[in-house]
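Numbering (our numbering), first residue to last: 928 to 1167.
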């Protein structure tokens, strides 16, 4: 299967190791993975801010860049939701390449839940809003995590509540966003987890930033980084 990685601009800019983890994971599962260099932003920020025309131009570019691949995989429910749910509504967008959030692709397309990962840490999972409410990924990430050797999965209280990031929402509504973040951090702290994981680095950046200021000792880590971890290449928290 010929697969393309849509890294997303936030991951490519701030968390490139997550993109590398996706490639390592998919190649381990027998996929041939390409990374088209002409890929750009999905346009979600433009669309949500009222610039639908500009978003449509980025959507057309997406279609050209990823044309011909069997599947496009994104380590972001937010960006995958933009492509799948919003692109078809934009004028002038004729075709949308088959695009999947990572856990969807693993479970639904490749048909696997045990990806051969090893991660001997206590982990809690935050279901991000777009993956939960727009894509409906359901328990796919949890099924993948439960199959990881050595991992102790701890339930997150009020898991389905938003973390308060929401892209430009956190900037335009800073007070509300901060209050939502405080609730989410409190729930994470209650789990006693070593690692907080999710399918979107944007939410992990938001929650992780708050936790680091509190010196909570909880490490934010993308789902892909956990699933790519093996006994030979096992993740370890960075020393301070």
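Ideal placement from N, C-alpha and C gives every residue a C-beta, glycine not left out.
{"Asked": "Same chain, Cβ closer than 6 Å to residue 1025, five either side skipped, listed in chain order", "Found": "998"}
{"Asked": "Sequence-distant residues of the same chain with beta carbon closer than 6 Å to residue 929, five excluded per side", "Found": "959, 996 and 997"}
{"Asked": "Buried versus exposed, by CB contacts within 10 Å (16 or more), residue 1156", "Found": "buried"}
{"Asked": "Exposure label - residue 966; buried when at least 16 CB within 10 Å", "Found": "buried"}
{"Asked": "Residues that DSSP places opposite residue 1028 in a beta bridge", "Found": "1001"}
{"Asked": "Beta strand (DSSP E) runs wholly inside the region 934 to 993, at least 3 long, in chain order", "Found": "959 to 961"}
{"Asked": "As assigned by DSSP and simplified to three states, the class of residue 1068", "Found": "helix"}
{"Asked": "Endpoints, the beta strand (DSSP E) within which residue 1081 is located", "Found": "1079 to 1081"}
{"Asked": "Integer-rounded CB distance, given that residue 1078 should sit under 8 Å from residue 1050", "Found": "6 Å"}
{"Asked": "Limits of the unbroken alpha helix (DSSP H) element including residue 1115", "Found": "1101 to 1118"}
{"Asked": "Opening and closing residue of the beta strand (DSSP E) in which residue 1133 lies", "Found": "Taken as a continuous stretch (DSSP letters only), residue 1133 belongs to no beta strand (DSSP E), being part of the alpha helix (DSSP H) at 1128 to 1140."}
{"Asked": "Straight-line Cα distance separating residue 963 from residue 992", "Found": "7 Å"}
{"Asked": "First through last residue of the alpha helix (DSSP H) which encompasses residue 1151", "Found": "1150 to 1154"}
{"Asked": "Buried versus exposed call for residue 1095 [16 or more other C-beta atoms within 10 Å across all chains shown]", "Found": "exposed"}
{"Asked": "Residue of 1008, 1161, 946 and 1129 minimising C-alpha distance to residue 1061", "Found": "1008"}
{"Asked": "For residue 973, the nearest candidate out of 1152, 945, 1014 and 956 (CA to CA)", "Found": "1014"}
{"Asked": "Outcome for residue 1167 when other beta-carbon atoms lying within 10 angstroms are tallied against a minimum of 16", "Found": "Confidence at residue 1167 is low in this model, with a pLDDT of 49, below 50, so its placement is unreliable and no value can be given for it."}
{"Asked": "Through-space distance from residue 1045 to residue 969, alpha-carbon basis", "Found": "32 Å"}
{"Asked": "Among 1021, 1011, 1019 and 1042, nearest to residue 1027 - alpha-carbon criterion", "Found": "1011"}
{"Asked": "Beta-carbon gap between residue 983 and residue 1005 smaller than 8 Å", "Found": "no"}
{"Asked": "contact_flag[the region 1103 to 1114, the region 1067 to 1077] where n(CB pairs < 8 Å) is 3 or more", "Found": "no"}
{"Asked": "Whole-number beta carbon distance between residue 1048 and residue 914, since they are thought to touch under 8 Å", "Found": "Because the chain here runs from 928 to 1167, residue 914 falls outside it and cannot be looked at."}
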